[in-house]
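Q: Dropping a structure here in structure tokens format, bear with me for questions.
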Amino acid sequence: MINSIKGLWIGIILILFCFENGDDIRYFQSSTIPIGDSMDIITVSIDDSQESHEIFLRRTSSGTPLRYFIELQTGICFDNKCRPLDIVIYWNITGRYLGFELLDGEFLSKYDHTPFTEKEYEELHHLLADPFLPLGNFEFEELVTIPDTVSHSVDGVSGATAKDVLEYVVEGAAYTTHKLWNVVHGPIREQVMRLTESSFDPFLFRKILQSTDQSDRTWALERVSLLSELDDAVIEALIGVFHEEEYFQSYLLLKSLSSHQLESEDLQLKLFDLVGKVDQSIENLIFDKLADASHLSPAVVDHSISILKDLTGAQLVRLLKLYSHHRVKKAELLGELSRIIPHENKYVDNQVLQFLKKNSDSFD
Amino acid sequence: MKRREMITKMGALSLGFATPHLSKGEVLAAPYKVQKRKIETEILVVGGGTAGVVAAIQAGRAGTKTVLIESGSQLGGTTTTGGVSFPGIFHAWGKQIIGGIGWELVMDAVNLNDDILPNFSIIPDNKSVRHWRHQVTVNGSLYAMLAEEKCVEAGVDIHFYETPTEINFIKGKWKVKTVGKGIANEIICDQIIDCSGNAAAASIAGFPLLREADTQPGSFIFRIGGYDFESLDLSKIPKEYHARLRQNMLINEDVKVESSVNNFPPTVPYNYVYVHGADSSTAELHTKANIEGRASLLNLIRKLRTFPGCEKLKLVSAQPETVVRETFRIDGLYKITHEDYVSGKVFDDSLSYSFYPIDLHRDGQSIYQEFLKEDIVATIPLRALIPKNSQNFLVAGRCLSSDRLANSALRVQASCMGMGQAAAAAAVLAIKHSVTPADVPIGELKNMLKEHGGIVPEA
């Protein structure tokens with residue numbers, strides 16, 4: 001099963017937790033870091049120009065963020081009658097939607113005043129977890145045909161929801177779905193990600209990289225450049241990403257590494273050591289990244305020369321381009337290359353000869 | 365005037381008519397003469413499109429003397445001249461399934477244009493994330509130049525503006541007569557790889573071809589601008605034109621986002637009009653398809669400019685050719701069936717993958733699509749690239765041996781790239797072992813592909 005353990009925003013790893021605690025209703029999916037024993041809450045205000053919210057952060061006593069939530073109080077209207085809704089919405093530290101809570105007997109209902117069924121709560125939870133729904137592209141008025149007489153009774157016209165968006169909303173609750181989805185994937189989400197970024201450190205990076213949800217790992221990899229130093233444990237974790245042979249994760253990691261980070265001799269050496277151990281597409285990414293480095297570390301040069309004879313023709317040609325890019329000129333290289341030619345592959349032979357011709361006057 | 369004097373003067377006068385007066389620096393050009401050459405090579409690739417480029421580079425990198433003839437002016441075919449600068453699909457179910465030279469080209473184009481890849485880790489569900497969101501937007505002009513650079517580096521002898529007219533198999537060698545601007549070549553080679561898309565070389569060589577009575581429409585690709593889609597009152601514009609206006613909203617530059625995590629192209633980065641019955645297999649038919657495509661686009665532009673908010677609509681670009689979906693297919697040693705495709709059948713001689721929904725454009729009115737089920741990826745066996753009763757002849761690209769529904773999915777660019785690389789590796793090994801491609805050692809062939817970055821299906 002290619003797909004069996006892959007994390008997704010949506011679908012197969014959506015782990016539904018439904019708690020019925022007295023009158024409380026809770027739907028959750030798994031967070032990156034489980035709740036610790038000791039935690040406190042801080043609050044941050046956000047003003048998204050329409051509404052002002054306080055964001056609560058649960059964190060461990062040592063300051064590691066665990067999750068964020070808001071207590072949303074909004075109005076849901078039926079047939080020109082509105083009543084307040086209190087709902088608590090949770091985000092993972094990576095900005096991923098985690099779940100919602102309805103406390104103290106609060107519940108959701110549809111246009112005909114019917115309370116949500118368990119299946120409808122699950123459907124809503126599933127929809128909120130999908131960041132790719134087109135709901136963000138539309139104003140609510142675009143989703144439905146609103147007769148003039150009920151222009152303020154938005155869920156009251158959910159039956160007239162445009163046909164092509166029906167699959168993106170809980171039937172009979174278009175407004176509720178649209179409203180909550182846009183809260184979940186709106187400015188608050190951006191804000192919680194910024195909050196986590198402010199406390200991003202090697203420990204948190206490695207923790208997120210261990211998440212079972214791939215989108216969490218993607219989030220961390222894209223921010224690897226925020227780490228001021230790459231310690232041994234981080235480098236080990238990074239190299240582990242390449243061994244997963246998940247092309248996009250490797251691409252993202254290499255793309256995100258800063259030029260400062262790439263100066264690390266240990267990192268360069270460990271990256272080069274992947275040649276021959278990962279798919280060629282990822283190998284090519286590594287060669288390209290090493291070309292981006294301000295210099296190729298002497299340890300990489302020495303190691304690469306020692307394995308020249310073991311490389312395939314394609315790898316050898318890539319390496320010659322890397323040498324040319326960094327103007328690598330060592331007598332040992334000249335000797336090793338001279339031993340490779342004549343090569344059985346005329347193309348490789350020609351590439352080696354061209355390299356030698358271009359550089360023969362300037363070797364150490 | 366004496367008679368002798370008169371004749372002399374008349375002679376000078378007639379010479380004056382025949383010989384133009386030369387200004388300083390001008391020389392008289394020699395009369396037009398077709399240059400005839402005899403060229404010997406090991407592999408001849410016919411067609412420098414999506415599959416042909418990859419085939420030629422693979423053959424060259426394997427150390428084989430290679431000639432590539434292309435009837436147009438640049439490499440890349442559908443991806444460049446055709447304007448479908450949106451190749452795919454290279455990833456399926458969280459894994460890369462087509463790599464090698466085709467992917468290398470795509471990545472070089474992406475990097476040199478500062479583009480960002482879509483997030484392949486997110487698997488399309490064909491609801492909120494459609495399959496084409498894993499296609500990669502590339503700068504077509506850049507792609508063409510990179511393809512050319514890689515061919516040249518691989519030692520490929522590129523012949524633009526050249527097309528075959530006669531192909532004969534004589535004493536174990538192919539003799540291919542070609543014509544082009546001012547040239548008439550005879551190319552003698554060991555192996556031919558037909559990447560013309562129309563199985564043109566296969567047909568000239570005498571191998572029977574298959575064709576549907578009614579083929580899918582072609583597309584004439586363009587971009588329009590000069591209007592703000594967001595501010596249009598779509599209720600005042602007939603619905604049939606909404607997609608035309610919406611689809612072109614986002615071009616390559618616009619789909620770039622800060623984060624690559626959710627970086628999916630929101631829409632296909634080009635626009636097109638259908639060209640019914642489009643056929644590129646002869647100059648006459650391709651001319652007809654081009655004229656119809658351009659006429660159709662002109663009519664569309666005139667119509668769009670009558671709608672409120674579109675009065676200043678402009679044609680930003682139009683491709684030089686109508687791009688074609690379907691013409692001829694070879695009758696191969698094996699015909700890939702619809703059932704093979706949707707079940708992801710792996711053959712002993714499967715050499716590359718294909719991942720695209722069955723995608724049949726019917727009558728230009730609707731598209732029949734059938735998505736592959738979870739974890740299913742179709743494969744392409746070597747035998748589907750070899751015409752029946754042939755020797756030393758391969759095809760790669762949309763003309764492979766397949767039934768119509770399978771072909772509607774196999775024809776896409778990533779699959780054609782995989783085929784191109786596979787066909788070239790087979791041709792190289794056929795030369796090495798002095799056998800016809802059908803008889804090359806499959807294990808060695810798979811190893812060669814892997815060495816060059818190909819991703820080979822495992823049974």
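Chains as they are written, first to last, in this note's numbering: chain A, 1 to 364; chain B, 365 to 823.
Virtual Cβ for every residue (Gly too), placed ideally from N, Cα, C.
From a predicted model like this one, the values you see are computed outputs, not experimental measurements.
1) Kindly indicate which residue of PRO745(B), GLN555(B) and ALA770(B) has the alpha-carbon position closest to the one of ALA786(B).
2) Give the list of continuous beta strand (DSSP E) stretches no shorter than 3 residues that lie fully inside the segment 230-278 of chain A.
3) Along the chain, where does the beta strand (DSSP E) containing CYS553(B) start, and where does it finish?
4) Tell me whether the segment 109-118 of chain A and the segment 233-248 of chain A touch, counting them as touching only if at least three CB pairs, one residue from each stretch, are closer than 8 Å.
5) Could you check what DSSP says for ALA456(B) in three-state terms: helix, strand or coil?
6) Taking the straight line between their C-alpha atoms, what separation do you get for SER258(A) and THR430(B)?
7) Output, in sequence order along the chain, the residues in the segment 490-521 of chain B whose CB is closer than 9 Å to any CB in chain A.
8) Using DSSP with H/G/I as helix, E/B as strand and the rest coil, what is PHE692(B)?
9) Whole angstroms is fine: what's the gap from ILE615(B)'s alpha carbon to VAL680(B)'s?
10) To the nearest angstrom, how far is the alpha carbon of LYS330(A) from that of SER264(A)?
11) Quick one: what does DSSP say ALA742(B) is sitting in, helix, strand or coil?
12) Note the first and the last residue of the continuous alpha helix (DSSP H) segment covering ILE568(B).
13) Ignore the nearest five residues each way along the sequence and tell me which others in SER645(B)'s own chain have a CB closer than 7 Å to its CB.
14) Listed from N- to C-terminal order along the chain, which residues in the segment 405-427 of chain B have their beta-carbon within a distance smaller than 9 Å of any beta-carbon of chain A?
15) In whole angstroms, give me the CA-to-CA distance for ASP472(B) and PHE586(B).
16) Give me the subset of the segment 436-462 of chain B whose CB atoms are less than 8 Å from a CB atom of chain A, sorted by chain position.
17) Counting C-beta neighbours from all protein chains within 10 Å, is the total for ILE557(B) 16 or more, i.e. buried, or is it exposed?
18) Taking the continuous beta strand (DSSP E) assigned at ALA682(B), which residues delimit it?
19) DSSP on GLN755(B), reduced to helix/strand/coil?
20) On the three-pair Cβ rule with 8 Å, is the segment 718-737 of chain B touching the segment 501-519 of chain B?
21) So, with DSSP's three-state summary, where would you put PRO572(B)?
22) Flag this pair as yes or no: are the beta carbons of ASN804(B) and GLY447(B) separated by less than 8 Å?
23) So with CB distances below 8 Å, who are the chain B contacts of THR32(A)?
24) In chain A, which residues lie less than 8 Å from TRP467(B) when you measure between Cβ atoms?
25) Could you work out which residues of chain B lie near ALA174(A), taking near to mean beta carbons separated by less than 9 Å?
26) So GLU815(B) contacts chain C; which residues on that side make the cut at Cβ distance below 7 Å?
27) At the level of alpha carbons, what is the spacing between PRO65(A) and GLN268(A)?
28) Quick check: does the Cβ of GLU390(B) come within less than 7 Å of any heavy atom belonging to the ligand NAP?
29) According to the neighbour-count rule (16 or more other Cβ atoms, all chains shown, within 10 Å of its Cβ), is ASN532(B) buried or exposed?
30) Can you tell me the Cα-Cα spacing of LEU481(B) and VAL500(B), whole angstroms?
31) For ILE522(B) and SER435(B), what's the separation of their Cα atoms in angstroms?
32) Assuming SER485(B) and PHE242(A) form a contact by the criterion Cβ under 8 Å, report the distance between their Cβ atoms to the nearest whole angstrom.
33) Mind pulling the beta strand (DSSP E) runs of 3 or more residues that sit fully within the segment 495-560 of chain B?
34) Counting pairs of Cβ atoms below 8 Å between the segment 587-600 of chain B and the segment 639-657 of chain B, do you hit three or more?
35) DSSP has PHE69(A) in a bridge; who is on the other side?
36) Quick check: what's the CA-CA separation for TYR525(B) versus GLN261(A)?
A: The relevant details are as follows:
1) As a working mapping, residue 786(B) is identified with position 422 in the second sequence. For ALA786(B), the nearest C-alpha among the options comes from PRO745(B).
2) none
3) Sequence index remark: in the second sequence, residue 553(B) carries index 189 (1-based). Residues 547-553.
4) no
5) Taking the first residue of the second sequence as position 1, residue 456(B) is located at position 92. Here ALA456(B) sits in strand by DSSP.
6) Along the first sequence, one-based indexing puts residue 258(A) at 258. Along the second sequence, one-based indexing puts residue 430(B) at 66. Taking the straight line joining both Cα atoms gives about 41 Å.
7) LYS491, SER492, VAL493, ARG497, GLU517, ALA518 and GLY519
8) The residue you call residue 692(B) lines up with position 328 of the second sequence. In the structure shown, PHE692(B) sits in a strand (DSSP, three-state: E or B).
9) On the second sequence, residue 615(B) is found 251 positions in, with the first residue counted as 1. On the second sequence, residue 680(B) is found 316 positions in, with the first residue counted as 1. Its pLDDT being 41, under 50, ILE615(B) is placed unreliably in this model, and the value from its coordinates should be taken loosely. When rounded, the distance between both Cα atoms is 11 Å.
10) Taking the first residue of the first sequence as 1, we reach residue 330(A) at position 330. Taking the first residue of the first sequence as 1, we reach residue 264(A) at position 264. So the two alpha carbons sit approximately 21 Å from each other.
11) Along the second sequence, read from residue 1 onward, the residue named residue 742(B) stands at position 378. Strand, per DSSP.
12) Position 204 of the second sequence, counted from the first residue, corresponds to residue 568(B). 564-568 is the span of the alpha helix (DSSP H), which, as asked, contains ILE568(B).
13) Translated into the one-based positions of the second sequence, residue 645(B) becomes position 281. Within the same chain, SER645(B) has close Cβ partners ASN562, ALA564, THR691 and PHE692.
14) GLY424, ARG425, ALA426 and GLY427
15) Reading the second sequence from its first residue, position 108 is the one you call residue 472(B). Reading the second sequence from its first residue, position 222 is the one you call residue 586(B). Taking the straight line joining both Cα atoms gives about 24 Å.
16) HIS455, ALA456, TRP457, GLY458, LYS459 and GLN460
17) Mapped onto the second sequence, residue 557(B) falls at position 193. Per the 10 Å Cβ criterion, buried.
18) Here residue 682(B) refers to the residue found at position 318 when the second sequence is read from its first residue. It spans 678-682 - the beta strand (DSSP E) in which ALA682(B) sits, taken as one unbroken run.
19) Your numbering for residue 755(B) matches position 391 in the second sequence. Correct three-state label for GLN755(B): coil.
20) no
21) To locate residue 572(B), count along the second sequence from 1; it is residue 208. Coil, per DSSP.
22) On the second sequence, residue 804(B) is found 440 positions in, with the first residue counted as 1. On the second sequence, residue 447(B) is found 83 positions in, with the first residue counted as 1. The identity of residue 804(B) in the sequence shown is Val, whereas the question assumes Asn. No, the pair does not count as a contact, with Cβ atoms beyond the cut-off.
23) Against the first sequence, residue 32(A) aligns to sequence position 32. Correct list: empty, because the minimum Cβ distance to chain B is about 15 Å.
24) Here residue 467(B) refers to the residue found at position 103 of the second sequence. Going along chain A in sequence order, the residues near TRP467(B) (Cβ under 8 Å) are SER281.
25) Reading the first sequence from its first residue, position 174 is the one you call residue 174(A). Going along chain B, no residue has its Cβ under 9 Å from ALA174(A), so there is no contact; the nearest lies around 16 Å.
26) Although the question refers to chain C, the structure presented lacks it and instead comprises the protein chains A and B.
27) The residue you call residue 65(A) lines up with position 65 of the first sequence. The residue you call residue 268(A) lines up with position 268 of the first sequence. Whole-angstrom Cα-Cα distance: 31 Å.
28) Although the ligand NAP was asked about, the structure shown includes no ligands whatsoever.
29) On the second sequence, residue 532(B) is found 168 positions in, with the first residue counted as 1. ASN532(B) comes out exposed.
30) Sequence index remark: in the second sequence, residue 481(B) carries index 117 (1-based). Sequence index remark: in the second sequence, residue 500(B) carries index 136 (1-based). Cα to Cα, the separation comes out at about 7 Å.
31) Reading the second sequence from its first residue, position 158 is the one you call residue 522(B). Reading the second sequence from its first residue, position 71 is the one you call residue 435(B). Those two C-alpha atoms are separated by around 11 Å.
32) Numbered from 1 along the second sequence, position 121 holds the residue referred to as residue 485(B). Numbered from 1 along the first sequence, position 242 holds the residue referred to as residue 242(A). With 8 Å as the limit, SER485(B) and PHE242(A) do not qualify as a contact, their Cβ atoms being about 14 Å apart.
33) 521-524, 526-534, 537-544, 547-553 and 555-558
34) no
35) As a position in the first sequence, residue 69(A) is number 69, starting the count at 1. PHE56(A) and TYR90(A), per the DSSP bridge assignment.
36) Taking the second sequence and counting its residues from 1, the one referred to as residue 525(B) is at position 161. Taking the first sequence and counting its residues from 1, the one referred to as residue 261(A) is at position 261. Each residue's alpha carbon lies about 49 Å from the other.
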